Structure formats: C-alpha cells, structure tokens
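Asker: The structure is given below, and queries will be raised subsequently.
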Amino acid sequence: MVAQSIRWTAQDLSAMPDDGGWKRYETIDGDLIVTRAPHAWHQGCANRLSTQLEIWADASGLGRVFQAPGVIFSEYDAVIPDVIWISTERLANGLDESGHFIVAPELMVEVLSAGESNEQRDQKVKLKQYSLYGVQEYWIANWRLKQIEVYRRQDARLILAATLVMGDSLSSFLLPGFDCAIARIFR
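Under numbering that gives the first Met the number 0, the first residue of the sequence shown carries the number 0, and numbering increases by one thereafter.
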C-alpha cells in the first residue's frame, strides 16, 4: 500500500484557523508552508521598503504597493510576500472577489526570516516560483546583513542582477525615477 501525499490548495488556506495573525499559511506546489509572525526588525524593514515604494507610487501614479497580500498563482501555489508593487494595468483585472491577487505583480519583495528553511524557501523555492509565474523583479532583503539582492527577469527567468549594501542605492527599470539609499531601509 502506497500512501498518497496531500496536495494543499489555495482554497484549503481559507479554512485555516484565524489565530490573530501569529501564523502565515502558504502553499508552494501543493506543500503547506506555515510560518510564525516575523521578528520586529523584519517588519520594520518591510515597512520602510513599502513606505519608500508608496511615496514613489503616489508621485508616479503608475501602480500600487501592498504589504503582505495574498497572491494566488494557481490552485497549488498561493503565497503572502512581504511587499509587492503592481502596475495599474495588471491591477485592473488582478483581484478575485476576496481581494487576493490572481495575476503576478511586477515586483515581489521578501524580507528574510531567520532559519535555514526560511532562507532556502525565499532564496530558492520562491525565486523559482516567481520566475515560473512571470514576476519581473524580485528583491530579497536581509536585515541582518543589511543587503538587498535584486533579481531581474532575463530569458524567461529571474537572474541575480545586483547585491546592494550600505552606501548603495536601489533603483529599478520597472519604477522610473525610484531611487532609495539602502541605508534608509536598514536604519
């Protein structure tokens, strides 16, 4: 007798218990991923990145920024990135009735949480997933090392374009005129 593995779906996530935000539930290729509420410095980094993007987005009018939104790529792939930016064009038809994104935002941002499994998930598994579903740019912020890895779409996949550290500035061809000193993110 062979046991069949369970493949979790985006729909299954809606049945998960509400614990006041202490746990985050995601599915990647049908695997259930449960993480705890992140470290306060993790949240501070995500907030500062979101704020800088929001200031730019308000001034440019080219799209919107969201923190910790639900992004449903497929029945078996549903994630909650720390920050996203989505263009006005994609946003127009990008939400389901529950307010979850059903299209790939152009920019996804993850702030690394401590632990090898968390780091592997963000640096390997989500990188592959975001490549597969057409994300144009992926930033991985590491508040412990005070650096941001920038991955950009090239030949149908996300490739490391830069590793930015204190003294560097973050910009993107997706975000014309956006320019943020790395030191502002890691104060």
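Where a beta carbon is used, it is the ideal one built from N, C-alpha and C, also for glycine. From a predicted model like this one, the values you see are computed outputs, not experimental measurements.
(1) Which ranges would you report for the alpha helix (DSSP H) in the region 72 to 154 if only whole runs of at least 4 residues count?
(2) Just list the residues that DSSP pairs residue 198 with in beta bridges.
(3) Which same chain residues end up closer than 7 Å to residue 35 when comparing Cβ atoms and leaving out the 5 residues on each side of it in sequence?
(4) Whether or not the region 95 to 107 and the region 75 to 86 are in contact is what I'm after, with contact meaning three or more pairs of Cβ atoms, one per stretch, closer than 8 Å; do they touch?
(5) Which same chain residues, not among the five before or five after residue 161, have their C-beta less than 7 Å away from its C-beta?
(6) Using a Cβ-Cβ cutoff of less than 6 Å, which residues in the same chain neighbour residue 15 once the five nearest sequence positions on both sides are dropped?
(7) Are residue 132 and residue 172 closer than 8 Å when you measure CB to CB?
(8) Can you grab the Cα-Cα spacing for the pair residue 122 / residue 139, in whole Å?
(9) So, at 7 Å on beta carbons, what are the nonlocal neighbours of residue 67 in its own chain, with the 5 sequence-adjacent residues on each side left out?
(10) Give me the Cα-Cα distance between residue 118 and residue 58, rounded to the nearest whole angstrom.
(11) What are the boundary residues of the beta strand (DSSP E) that includes residue 162?
(12) Could you check if residue 107 is buried or exposed, using at least 16 other CB atoms within 10 Å of its CB as the buried criterion?
(13) With residue 47 as the anchor, note down where its alpha helix (DSSP H) starts and where it stops.
(14) Going by CA-CA distance only, name the one from 12, 54, 17 that's closest to residue 178.
(15) Ends of the alpha helix (DSSP H) at residue 12?
(16) Going straight from the alpha carbon of residue 153 to that of residue 128, what length do you get?
(17) Applying the 10 Å Cβ sphere with the 16-neighbour rule, what's the burial state of residue 40?
Answerer: Inspection of the coordinates gives the following:
(1) 87 to 91, 115 to 119, 125 to 131
(2) Residue coverage of the chain in this structure runs from 0 to 186, which leaves residue 198 outside it and unanswerable.
(3) 21, 22
(4) yes
(5) 149
(6) 24
(7) no
(8) 8 Å
(9) 79, 81
(10) 33 Å
(11) 156 to 164
(12) buried
(13) 39 to 59
(14) 54
(15) 9 to 12
(16) 15 Å
(17) exposed
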